[in-house]
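Down below is the structure, laid out as structure tokens.
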Amino acid sequence: MKRSSSQRALHYGRTAALGCVVLLLLVAGALSSWDSAHHIVLAKGREHGTMTVTGCGSEVCTGPYVPSDGGSGRSRVSVDKSVAAKKGDRFPVVVKPGTFEVVRTGTPGFLHAWLPLGGALVLAALVIGGGLRLPRIAWGAGIAGAVLLVATFFAL
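This note's numbering numbers the first residue of the sequence shown as 4 and each following residue consecutively.
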């Protein structure tokens with residue numbers, strides 16, 4: 004049975020709209036991740052060192068910072084509490100330029116920075132599989148997002 008032109012237009016419009024939703028999810032996840040990840044990925048020339056957690060508030064943990072190159076340290080820097088830091092923990096960090104904020108580096112920090120993209124991949128997989136009816140691509144995106152989420156959980 005042939006489709007009428009209005010049915011084809013509706014099909015293409017629905018596909019385009021769902022494609023835009025998928026694109027929006029992935030771009031939002033990537034941009035949200037890049038806010039922290041670019042300090043880790045493009046760390047050359049940035050201030051590297053170690054932070055020791057001395058206390059945690061509702062949103063951030065604070066503590067002294069000791070640079071790895073032997074320069075002058077800082078008595079207090081802050082890192083997002085969501086990096087699973089407890090009082091007494093020490094971990095490598097990179098300082099955000101012009102601030103007293105640091106971002107955790109190494110594998111745990113790298114994975115944590117890309118966490119929003121992992122969630123976006125899982126959400127996009129539902130739209131790809133259910134709305135666009137592309138099950139193989141949906142499984143690939145969903146598994147990639149889930150692997151990132153699980154790896155971050157175990158790394159932190």
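Positions of the beta carbon are idealized from the N, C-alpha and C atoms, including for glycine.
Could you check if residue i is buried or exposed, using at least 16 other CB atoms within 10 Å of its CB as the buried criterion?
i      : result
Gly122 : buried
Pro119 : buried
His14  : exposed
Ser7   : exposed
Gly66  : buried
Ala12  : exposed
Leu151 : buried
Check the C-beta distance from residue i over to residue j and give it rounded, since I have them as a contact under 8 Å.
i     : j      : result
Val56 : Lys89  : 7 Å
Ser9  : Ala116 : With 8 Å as the limit, Ser9 and Ala116 do not qualify as a contact, their Cβ atoms being about 46 Å apart.
Can you list, in chain order, the residues of its chain whose CB lies under 8 Å from that of residue i, leaving out five sequence neighbours each side?
i      : result
Phe103 : Arg77, Arg79, Val80, Ser81
Leu129 : Ala141, Gly145
Asp153 : For the sequence presented, residue 153 should be read as Val rather than Asp. Cβ neighbours of Val153 beyond the five flanking positions: none.
Within a Cβ cutoff of 6 Å, which residues of the same chain sit near residue i, ignoring the five residues on either side of it in sequence?
i      : result
Gly134 : Leu21
Val98  : Glu50, Val105
Lys167 : Absent from the model: residue 167. The displayed extent of the chain is 4 to 159, so no value can be given.
Ala158 : Thr110, Pro111, Leu114
Measure from the alpha carbon of residue i to the alpha carbon of each residue in the options, then state which is nearest.
i      : options                      : result
Leu124 : Ala144, Ala40, Gly132        : Ala144
Ile131 : Leu34, Ala19, Asp92, Leu152  : Ala19
Arg72  : Ala87, Ala31, Asp92, Gly48   : The residue you asked about is not Arg; residue 72 is Asp in the sequence shown. When each option's Cα is compared against that of Asp72, the closest is Gly48.
Phe94  : Tyr68, Arg139, Gly16, Leu151 : Tyr68
What do you reckon, are the CB atoms on residue i and residue j nearer than 8 Å?
i      : j      : result
Val24  : Thr53  : no
Thr155 : Leu114 : yes
Thr108 : Ile43  : yes
Quick check: is any heavy atom of the ligand ATP less than 7 Å from the C-beta of residue i?
i     : result
Gly91 : Only the bare structure without any ligand can be found here, which leaves the ligand ATP out of the picture.
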